[in-house]
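Asks:
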Amino acid sequence: MEIIKGITSHTIVVVVDKKEKAVGLSAVLTKQSHKVTVAHTIYEALKIIDQELPHLVIVDALLSDGSAGTLYDRLKEHKVVCDTPILVLVAQKTREYLTPLKGRQFAGFLLGKTDVMMVANKVKEVLATYKDASPYFYSLEKTEAVKGMTLSVKATVMGKAGDQIVYRSESEVDSSAALVCLPEKKEHSPALLSLATNARIGDDIYNYFPLHRIKGKGRLWLGKLPSIDDPKVEAVDVKTILFFDNNVERFQQFQEVLLGYGIELVHASSLQMAAALLAREPERFNCVFLNELGSDNSGITFKATVEKLPPDKLPAILVATAATSARSNGVYRFLHKPFGLGKLVDTIEAACQVTEGLSGESANIDVTYEAPANLVGLDETGGIIALKFPIIKGSKLHLNSDVLKRIWDGDTLVNIENIAVYENAPNLWMAKFIANRALGNKARYWQRVLKHLDEELKSAS
Amino acid sequence: MNQLCLLVDCNSDDSHDNFQALVDKEDLVVLPTFVSMEEAFPMLETGNVVAMVVFASQANGDVLRLLECFRRCVGAIPHFQAIVCDEPQPIILSQVYEFGVEEFFSSTSWVQQSLELCKSASLIIQDRDSPETRIIEMNRAVMTGDQNKILAAKERLSDMAGYDYLASYSQGVALQSVGQFGDAIESFRQSTSLNRMFRPSISGVGENLLVLGQTDEAIAVFKDLEKLNKRSLDRKANLAMAYLEKKDLTSAKKYLFEAQALDPKHVKIDEIKAMLLLSQGQVKEAFAMMDKLHDVGPFFAAKLNEMGIRLSQKGKGKSALALYKKAHKIVKTELRHKISLNAALACYRMGEYPLAIKYLNRSDKEYGEAFPKTKKIRAAIAAQMANSNRDSEAG
Numbered sequence: 027m028e029i030i031k032g033i034t035s036h037t038i039v040v041v042v043d044k045k046e047k048a049v050g051l052s053a054v055l056t057k058q059s060h061k062v063t064v065a066h067t068i069y070e071a072l073k074i075i076d077q078e079l080p081h082l083v084i085v086d087a088l089l090s091d092g093s094a095g096t097l098y099d100r101l102k103e104h105k106v107v108c109d110t111p112i113l114v115l116v117a118q119k120t121r122e123y124l125t126p127l128k129g130r131q132f133a134g135f136l137l138g139k140t141d142v143m144m145v146a147n148k149v150k151e152v153l154a155t156y157k158d159a160s161p162y163f164y165s166l167e168k169t170e171a172v173k174g175m176t177l178s179v180k181a182t183v184m185g186k187a188g189d190q191i192v193y194r195s196e197s198e199v200d201s202s203a204a205l206v207c208l209p210e211k212k213e214h215s216p217a218l219l220s221l222a223t224n225a226r227i228g229d230d231i232y233n234y235f236p237l238h239r240i241k242g243k244g245r246l247w248l249g250k251l252p253s254i255d256d257p258k259v260e261a262v263d264v265k266t267i268l269f270f271d272n273n274v275e276r277f278q279q280f281q282e283v284l285l286g287y288g289i290e291l292v293h294a295s296s297l298q299m300a301a302a303l304l305a306r307e308p309e310r311f312n313c314v315f316l317n318e319l320g321s322d323n324s325g326i327t328f329k330a331t332v333e334k335l336p337p338d339k340l341p342a343i344l345v346a347t348a349a350t351s352a353r354s355n356g357v358y359r360f361l362h363k364p365f366g367l368g369k370l371v372d373t374i375e376a377a378c379q380v381t382e383g384l385s386g387e388s389a390n391i392d393v394t395y396e397a398p399a400n401l402v403g404l405d406e407t408g409g410i411i412a413l414k415f416p417i418i419k420g421s422k423l424h425l426n427s428d429v430l431k432r433i434w435d436g437d438t439l440v441n442i443e444n445i446a447v448y449e450n451a452p453n454l455w456m457a458k459f460i461a462n463r464a465l466g467n468k469a470r471y472w473q474r475v476l477k478h479l480d481e482e483l484k485s486a487s
Numbered sequence: 350m351n352q353l354c355l356l357v358d359c360n361s362d363d364s365h366d367n368f369q370a371l372v373d374k375e376d377l378v379v380l381p382t383f384v385s386m387e388e389a390f391p392m393l394e395t396g397n398v399v400a401m402v403v404f405a406s407q408a409n410g411d412v413l414r415l416l417e418c419f420r421r422c423v424g425a426i427p428h429f430q431a432i433v434c435d436e437p438q439p440i441i442l443s444q445v446y447e448f449g450v451e452e453f454f455s456s457t458s459w460v461q462q463s464l465e466l467c468k469s470a471s472l473i474i475q476d477r478d479s480p481e482t483r484i485i486e487m488n489r490a491v492m493t494g495d496q497n498k499i500l501a502a503k504e505r506l507s508d509m510a511g512y513d514y515l516a517s518y519s520q521g522v523a524l525q526s527v528g529q530f531g532d533a534i535e536s537f538r539q540s541t542s543l544n545r546m547f548r549p550s551i552s553g554v555g556e557n558l559l560v561l562g563q564t565d566e567a568i569a570v571f572k573d574l575e576k577l578n579k580r581s582l583d584r585k586a587n588l589a590m591a592y593l594e595k596k597d598l599t600s601a602k603k604y605l606f607e608a609q610a611l612d613p614k615h616v617k618i619d620e621i622k623a624m625l626l627l628s629q630g631q632v633k634e635a636f637a638m639m640d641k642l643h644d645v646g647p648f649f650a651a652k653l654n655e656m657g658i659r660l661s662q663k664g665k666g667k668s669a670l671a672l673y674k675k676a677h678k679i680v681k682t683e684l685r686h687k688i689s690l691n692a693a694l695a696c697y698r699m700g701e702y703p704l705a706i707k708y709l710n711r712s713d714k715e716y717g718e719a720f721p722k723t724k725k726i727r728a729a730i731a732a733q734m735a736n737s738n739r740d741s742e743a744g
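Chains A and B, in that order, give the protein sequences.
Taken in order, the first sequence gives residues 27 to 487; the numbers are from this note's numbering.
Taken in order, the second sequence gives residues 350 to 744; the numbers are from this note's numbering.
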């Protein structure tokens, strides 16, 4: 499986004598999505390299406690980091600078006064050989040992709010995800959940799932949950939606179709108009629907208006988009085109619902969300999984596989660091995760992983 | 045995090859097959299709008829169907949602998404206990018309009907097929309570109310659905029939014209026209119109049966038989055994016992086993024949 471009952040250790040089280099490399750590001496660098297992080291030819040659020799002695590429910044073409570099295979040299952009370009060139994965990446794609892996998130079923079932969980759930809800108690059957909407109330994350989309036997007990609707919030028969669509004919069709579901549309023929209407009467709208939100002037105007509004007055904003990589966040929820009518109506209704409050006694039933995931491979920080739906960056979840349990001593918690979709395959996603177990010394962690993998793969074959 | 996923009217040769290359790498139970719109209809009727992806920029009559055909021949499984269309107009969304279909693929992603559909359908139909497998089995039973098979398939769905709206909908279809219209209404209502958005089950309630003669209630159901989609031919046809039943010709004609404007080629248009002609006593013209019909549902079938019985009771046995012959050709498979039974009764009334027995045999065959009512008629025929034998011997 091809690794998606940009999914892995490369780790770079910059070893330079002057602080200002480090600041300039760090800024440019961080902007290129690399993780940068700075050292000013060889001693410091060796400690950091052992800790971080960088994918590249950029080093001044001469430092206060040695040269780039010294660093090269020390790394060559180390089994794990011996192949780390080193890029040398040579300030002057003098014997003093060049002699310590002789006879060693560096990844490259940059001569003369350090030009930050030149360094950045050279870095790009060197890292290109890794093809978007960590140099430590260990592919497990063709390994039977991790087949049938699932990812899971701990959650608690709260109750019913309108036509939605409300869960409190450790993570937001993307609307296109399909998850199996596995209750802890056997008396409750599992169910398949889909089309999630999220809300954050204080520190808690709430996931809402439309009841009529829940499949499986678990639908029986979920349907009988108590209502936790806030009695102070009056249910509205007709929902008013601020609707931006620059195609009048299409808008009129939407108006006709949605009216049957008690959804009344207020037309904005441009984003500027939508921004003006929203700024004037934010309370009037149960939700805002935008048919595309560009990054041109009108898009910027709209976003600026939204930023100015107090969060408690801001209705949910739904954006229909053809961009496959658009991911929902706290303010904007994306509905990927082309979508069906049911999804549109459910998304609008859920957006109106989650802005209303929760009250009443909650059912508090502990469950786990589970979904299949493919382990593409492991690296020194965690690894890469492939999924049929996106997960939200920053999500904390567990990867359930016997092999991983053994490697990680039972601590299967991971943090999603990055997520990307395959071009032309909007239902195939890749996520880079950081393993909880890998948070300490990476050299020691990786040696341990390699030893386990050797044993596991041997026993599997 | 492999099942098929139809890819209907795909014009892109490049993507076609790309797709085929991906399919060849997979071990699929549901195999994708490229077909034209014309080929799709007979393919669906073969009973080997379980999924379908239609390439369509607009929901024209052909596309809607195809979705209708899928629902009839495969079952109400919206997630086994998808439309490839980049920016579907809202009206199209609403039109295809009439069948519960809400999966749209874009022209750039259909290759991967269609493959995923085939993979997921392959997994689901290999599970003999999945609602989808049982729904397909049930629909195939309905297609044979065998009442016992239908009831057995309905039983296998019953444990899922409490939590799966498609299972309860399909149970309603099964009950409607065996003439248990009141129970069918209950199943459709259960499906609606599980998913209020699924229009076919709401429509099912209306159609069965209509058959049971609860015309005003049926009209109320259809009118509520009209608010959700004013462009459903099926609904307009149902409303036209309901108003015909109420003898409100003005309203009936209004809905007939509206339906005609949506798709003049649809068989339902001719069905309403035939009913309209019959209601106006233009029997000859109605008969001519009926030649164009097929897969006529329980409401019109019941009307034809009623008319035949009236003719037969009035001593117009030959006319009744002619009507039954025509009706037998045009009604849905699962309704034929009743037509055959009524034809047998007409023959019995005319004293044509050998012909009556022929019709009874056909009725039993169509029913799947000896239809309880045919036993009584057979006994009556046997008694009549014994009497006439005695009379002739005495003579």
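Glycine included, C-beta positions come from ideal geometry on N, C-alpha and C.
With a cut-off of 8 Å on the beta carbons, I'd call B/G646 and B/Q496 a contact; round off their distance for me.
Replies: At roughly 16 Å, the Cβ-Cβ gap does not stay under 8 Å, so B/G646 and B/Q496 are not in contact.
Asks: Does B/S455 come within less than 8 Å of chain A when only Cβ atoms are used?
Replies: yes
Asks: Relative to the C-alpha of A/F280, which candidate in A/G368, A/E387 and A/V49 has its C-alpha closest?
Replies: When only C-alpha atoms are compared, the closest one is A/G368.
Asks: Using the C-alpha atoms, what's the distance from A/A71 back to A/L492?
Replies: The shown model of chain A, from 27 to 487, leaves out residue 492 of chain A, and the question about it has no answer.
Asks: If you measure beta-carbon to beta-carbon, which residues of the stretch 535 to 558 of chain B are closer than 7 Å to chain A?
Replies: L543, N544, R545 and M546
Asks: Does DSSP put A/R359 in a helix, in a strand, or in coil?
Replies: Strand at A/R359.
Asks: In chain order, what residues of the same chain have a beta carbon less than 7 Å from the beta carbon of B/A435, not counting five sequence neighbours either side?
Replies: Note on identity: in this sequence residue 435 of chain B is Asp, with Ala being the wrong assignment. Hits under 7 Å: S455 and S456.
Asks: Shortest alpha-carbon distance to A/A133 belongs to which of A/T140, A/H104 and A/G95?
Replies: Of A/T140, A/H104 and A/G95, the residue nearest in Cα terms is A/G95.
Asks: In chain order, what residues of the same chain lie with their CB nearer than 7 Å to the CB of B/S385, ignoring the 5 residues before and after it?
Replies: D358
Asks: Can you name the residues that DSSP bridges to A/E396?
Replies: A/S178 and A/V206
Asks: In terms of residues, what are the limits of the alpha helix (DSSP H) holding B/D363?
Replies: D362 to D373
Asks: Here's a check: name, in chain order, each residue in its chain whose Cβ is nearer than 6 Å to the Cβ of A/C378, leaving out the five neighbours to either side.
Replies: K265, N312 and C313
Asks: Near B/I658, what residues of its chain come up, given a Cβ to Cβ distance below 7 Å and the 5 sequence neighbours on each side ignored?
Replies: N691
Asks: Between A/N467 and chain B, is any beta-carbon pair separated by less than 8 Å?
Replies: no
Asks: Report the rounded CA-to-CA distance for A/L237 versus A/I267, giving the unit in angstroms.
Replies: 22 Å
Asks: What distance in whole Å lies between the Cβ atoms of A/I84 and A/I38, which are believed to be in contact at a cut-off of 8 Å?
Replies: 6 Å
Asks: With respect to the alpha helix (DSSP H) encompassing B/K585, which residues constitute its N-terminal and C-terminal limits?
Replies: L582 to E594
Asks: Is it right to say B/R739 is buried, meaning 16 or more other beta carbons lie within 10 angstroms of its own, or is it exposed?
Replies: Exposed: under 16 other Cβ atoms inside 10 Å.
Asks: Can you tell me whether DSSP reads B/T395 as helix, strand or coil?
Replies: coil
Asks: For the 8 Å Cβ check, are there 3 or more pairs between the stretch 661 to 677 of chain B and the stretch 468 to 485 of chain B?
Replies: no
Asks: At the level of alpha carbons, what is the spacing between A/K73 and A/T63?
Replies: A direct Cα-to-Cα measurement between A/K73 and A/T63 gives close to 11 Å.
Asks: Give a yes or no on contact between the stretch 430 to 447 of chain A and the stretch 213 to 224 of chain A, applying the rule of three or more CB pairs nearer than 8 Å.
Replies: no
Asks: Among the residues of its own chain, which have a CB less than 6 Å from the CB of A/A146, if the five just before and after it don't count?
Replies: V54
Asks: CB B/G553 to CB B/Y604, shorter than 8 Å?
Replies: no
Asks: Grouping DSSP H, G and I as helix and E and B as strand, with all else coil, what is B/Q438?
Replies: coil
Asks: When DSSP labels each residue in this structure, what does A/S220 get in the three-state scheme?
Replies: Note: A/S220 maps to strand in three-state DSSP.
Asks: Does any residue of chain A have a CB that is nearer than 8 Å to the CB of B/V794?
Replies: Outside the shown range of chain B (350 to 744) lies residue 794 of chain B, about which nothing can therefore be said.
Asks: Taking B/A608 and B/A586 to be in contact with their CB atoms under 8 Å, please state how far apart those CB atoms are, rounded to whole angstroms.
Replies: 5 Å
Asks: Would you mind giving the Cβ-Cβ distance between B/S471 and B/V379, rounded to the nearest angstrom? I have them listed as a contact below 8 Å.
Replies: 5 Å
Asks: Between the stretch 143 to 163 of chain A and the stretch 392 to 406 of chain A, do three or more beta carbon pairs fall short of 8 Å?
Replies: yes
Asks: Can you check DSSP and say which residues form a bridge with A/T63?
Replies: A/V39
Asks: Which residues in chain A have a C-beta closer than 7 Å to the C-beta of B/C359? List them in chain order.
Replies: Residues of chain A passing the Cβ test: none, with the nearest at roughly 16 Å.
Asks: At 7 Å on the CB atoms, spell out the chain A contacts of B/K576, in chain order.
Replies: G286, listed in chain order.
Asks: DSSP three-state call for B/P549: helix, strand or coil?
Replies: helix
Asks: Between the alpha carbons of B/N557 and A/F459, how many angstroms are there, rounded?
Replies: 55 Å
Asks: Can you give me the Cβ contacts of A/E309 inside the same chain, cut-off strictly under 8 Å, excluding the 5 residues immediately before and after it?
Replies: K339
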